[in-house]
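Asker:
Number of protein chains: 2
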Amino acid sequence: MTKNADPTHPCGKCAFYSDSVWQPAEPGSVSVLAAGFSRQELEVGQDLFEQDAENRAVYCVSRGLIGLRTHHSNGKSTLLRLAYPGEIVGFRSFLGSGRHQTEARALLPSRICTVVRRDANRIVHDNPSVLARLMDRCVAEIDRSHERIIATATTSNKQRLSALLLRLMGHFGEQDGDSFEMRLPLSRSDLADLIGVQPETMSRLVKRLQNDGNFSFSGRGVWITPGRLTEEILARRS
Amino acid sequence: MTKNADPTHPCGKCAFYSDSVWQPAEPGSVSVLAAGFSRQELEVGQDLFEQDAENRAVYCVSRGLIGLRTHHSNGKSTLLRLAYPGEIVGFRSFLGSGRHQTEARALLPSRICTVVRRDANRIVHDNPSVLARLMDRCVAEIDRSHERIIATATTSNKQRLSALLLRLMGHFGEQDGDSFEMRLPLSRSDLADLIGVQPETMSRLVKRLQNDGNFSFSGRGVWITPGRLTEEILARRS
DNA sequence: GCGCGTCATTGTCGATCGTCAATTTCTGCG
DNA sequence: CGCAGAAATTGACGATCGACAATGACGCGC
């Protein structure tokens, strides 16, 4: 086991985790946590996999934040999804036969629990419950996309940005007395992608949100909230 | 076998179909097409299942058009997805454990191939390839949602409406000399839902599209295209 | 410390959208 | 045939957005 690792759990919150799958490896083994599981640490900006690459494994975000981005043929790109701790990445191309349709890159220092494709196939074969969990995740992704489609059509950009910031704050914000603060791991363009607007519009949205008084942004990437929305954030902490 | 049914195929284009699954039933049996398969016909407006109902089966659209609609708590509703012939409906709540999150209603007279839940479980258990196909479908739904999210953010409403109409025309349009025509099975509100705008905006979009000369709408629900986009439509015919 | 490139902001403009409301058209039914 | 209700259209308005361009701030390497 790796030093300081939780002996009862290979990679923190992990949708792949199953009692029947995971047994503690013998002491001394470092990267292989259990049969089929390995762990890796990613620096900010490091790729987990590239777009169009063949699927080699299924990944679970143990710590940090992974951004899924698709590059279009015209040279532009869109940040499609954020994978928070506990979420699975790469299941789309694992379940469907194929290549990654997105690039996965660490937006924060991240710990990833990896199950290479062959092991994943074996695990899934031996443990139907793991497959069920994978499919649940797949279904959840559909639900999430549908919610996003509905939200795009029915709520204002300001509301959607507000919701996104609160979600991020729930995961990565640090409480400081009555308020929260965090380093925003996303550029303005990234934020713009996630709610479906142009970067310039995002700048203006940020300003308007700040004028409303619920958020305050200082410099690039760093921002603070006065206590108004504290309860909202705490409610998002699980 | 049912009279006039294609003996080589239980329900026309059907993603559930598999050589190893389907054997012709004995002559005389009407609704049961093969082990686990049955068929039903839906009139326009008839429900395949209701929102919040428990999943009882997986369905495949053999003919016609099914609309998936979610009702929100505020009394409004949104048409989320159109299921064209060959597509599977109900897989979300079948794979995930749960209830339907949408209502499924026939928008055209439709033929549905039904596999009740227990049979579907057995079929999936005996035929991993069928499960694989189901998961493929699930993954495809994710892809489609992602495309829609990207399209909403990057293309104009006019473009998206145009694309939607061409898709419908490819499925249901009837060629008339150099042009196509069809009875539009969707109300203006439905169209508005599908591209994420308000009904009033849809009215204006329709008018603008008509002024551009590629489409012409007559009365409610009926519309015709002059030959300009004929090739586009033919390309969509598979 | 300087320069360069990227990112962010700001300004301006026209186009489009959402909303409210009024009007017209359509459809089903008696 | 006429009526009533729903759907569709149209008008008007303010708010917002996307596009383009210019400016400003920041980070990074030399």
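Chains S and A are the protein sequences, given in the same order.
Its first residue numbered 215, the first sequence is counted upward by one per residue in our numbering.
Its first residue numbered 215, the second sequence is counted upward by one per residue in our numbering.
Idealized CB from N, CA, C, for every residue including glycine.
Go ahead and pull the three-state DSSP assignment for V235/A.
Answerer: Because the pLDDT at V235/A is just 47, under 50, the model does not fix this residue reliably, and the value given afterwards should be weighed accordingly. V235/A: coil per DSSP, three-state reduction.
Asker: Who does L293/A pair with in a DSSP beta bridge?
Answerer: According to DSSP, which records beta bridges pairwise, L293/A is partnered with R283/A.
Asker: How about I326/S and V275/S: are their beta carbons less than 8 angstroms apart?
Answerer: Going by C-beta atoms, I326/S is nearer than 8 angstroms to V275/S.
Asker: Along the chain, where does the alpha helix (DSSP H) containing F305/S start, and where does it finish?
Answerer: First-last of the alpha helix (DSSP H) with F305/S: F305 to L309.
Asker: Just the Cα atoms here: how many angstroms apart are A354/A and G391/S?
Answerer: Between A354/A and G391/S, the C-alpha separation is close to 46 angstroms.
Asker: Which one of R283/S, R253/S, F251/S and A271/S has the shortest CA to CA distance from G259/S?
Answerer: When only C-alpha atoms are compared, the closest one is R283/S.
Asker: The beta strand (DSSP E) with F263/A in it runs from where to where?
Answerer: Looking at the DSSP string, the run of the beta strand (DSSP E) that includes F263/A is D261 to F263.
Asker: Does the pairing of the region 283–292 of chain A with the region 341–354 of chain A give three or more beta-carbon distances under 8 angstroms?
Answerer: Touching, no, given that fewer than three Cβ pairs across the two stretches are closer than 8 angstroms.
Asker: Which class does E395/A belong to by DSSP, given the choice of helix, strand or coil?
Answerer: Reduced to three states, the DSSP call for E395/A is strand.
Asker: Quick one: grab the DSSP three-state call for Q315/A.
Answerer: DSSP places Q315/A in coil when its eight states are reduced to three.
Asker: For chain A, check one thing: does any of its Cβ atoms lie closer than 8 angstroms to the Cβ of I356/S?
Answerer: Judged by the 8 angstroms Cβ criterion, I356/S is in contact with chain A.
Asker: Does any C-beta atom of chain S lie closer than 8 angstroms to the C-beta of V332/A?
Answerer: Before going on, a small fix: residue 332/A reads as Arg here, not Val. With 8 angstroms as the cut-off, R332/A does not count as an interface residue toward chain S.
Asker: For the region 362–374 of chain A, which residues have a beta carbon sitting closer than 8 angstroms to at least one beta carbon of chain S?
Answerer: So the close ones are R362, I363, I364, T366, A367 and T368.
Asker: If you compare alpha carbons, which of A320/S, F429/S and G312/S is closest to F394/S?
Answerer: With distances taken between Cα atoms, F394/S lies closest to F429/S.
Asker: Grouping DSSP H, G and I as helix and E and B as strand, with all else coil, what is E240/S?
Answerer: Because E240/S carries a pLDDT of 44, less than 50, the predicted location of this residue cannot be relied on, and the following value inherits that uncertainty. Coil at E240/S, not helix or strand.
Asker: If the criterion is Cβ atoms closer than 8 angstroms, does the pair I337/S and L375/S meet it?
Answerer: No, they are not a contact pair.
Asker: Considering only residues of the same chain and omitting the five flanking positions on each side of P413/S, which have a CB-CB separation below 8 angstroms?
Answerer: So the list reads R402, S403 and A406, once near-sequence residues are dropped.
Asker: Rounded to whole angstroms, what's the CA-CA distance from R253/A to N371/A? Just pull it up for me.
Answerer: In a straight line, the C-alpha of R253/A is about 38 angstroms away from that of N371/A.
Asker: Taking only beta-carbon positions, decide if S232/A is within less than 8 angstroms of chain S.
Answerer: Caution is warranted here: a pLDDT of 47 is assigned to S232/A, below 50, making its placement in the model unreliable, and no coordinate value can be reported.
Asker: In this structure, does DSSP put S430/A in helix, strand or coil?
Answerer: Correct three-state label for S430/A: strand.
Asker: If you compare alpha carbons, which of R347/S, R306/S, G304/S and P323/S is closest to R277/S?
Answerer: Checking every option, the nearest Cα to that of R277/S belongs to P323/S.
Asker: In whole angstroms, give me the CA-to-CA distance for C352/A and T444/A.
Answerer: Rounded to whole angstroms, C352/A to T444/A spans 32 angstroms at the Cα level.
Asker: So, is T369/A buried or exposed, given that buried needs 16 or more other C-beta atoms within 10 angstroms?
Answerer: Exposed.
Asker: Taking the CB atoms as reference points, tell me whether L262/A and R319/A lie closer together than 8 angstroms.
Answerer: Closer than 8 angstroms, so yes.
Asker: Any C-beta of chain A sitting closer than 8 angstroms to the C-beta of R381/S?
Answerer: Judged by the 8 angstroms Cβ criterion, R381/S is not in contact with chain A.
Asker: Measure the CB-CB distance between A334/A and F308/A and report whether it falls below 8 angstroms.
Answerer: A contact, by the Cβ cut-off of 8 angstroms.
Asker: Tell me which same chain residues have a C-beta within less than 6 angstroms of the C-beta of V411/A, skipping the five on either side of it?
Answerer: The answer, listed in chain order, is N371.
Asker: How far does the alpha helix (DSSP H) with L375/A in it reach, from first residue to last?
Answerer: N371 to F386 is the span of the alpha helix (DSSP H), which, as asked, contains L375/A.
Asker: Whole angstroms is fine: what's the gap from M383/A's alpha carbon to Q373/A's?
Answerer: Looking at the two C-alpha atoms, the distance is approximately 15 angstroms.
Asker: Would you check if the distance between the CB atom of R362/A and the CB atom of I363/S is smaller than 8 angstroms?
Answerer: Going by C-beta atoms, R362/A is nearer than 8 angstroms to I363/S.
Asker: Taking the alpha-carbon positions, what's the L321/A to D426/S distance?
Answerer: Using only the alpha carbons, I get a separation of about 45 angstroms.
Asker: Tell me whether L379/S is buried or exposed, calling it buried when 16 or more other Cβ atoms sit within 10 Å of its Cβ.
Answerer: Result: buried.
Asker: Comparing C-alpha positions only, which one of K290/A, R331/A and L256/A sits nearest to F305/A?
Answerer: Per the Cα distances, R331/A.
Asker: Between which two residues does the alpha helix (DSSP H) carrying L408/S extend?
Answerer: It spans R402 to I409 - the alpha helix (DSSP H) in which L408/S sits, taken as one unbroken run.
Asker: Just the Cα atoms here: how many angstroms apart are R450/S and R381/S?
Answerer: Going by the C-alpha atoms only, they are around 7 angstroms apart.
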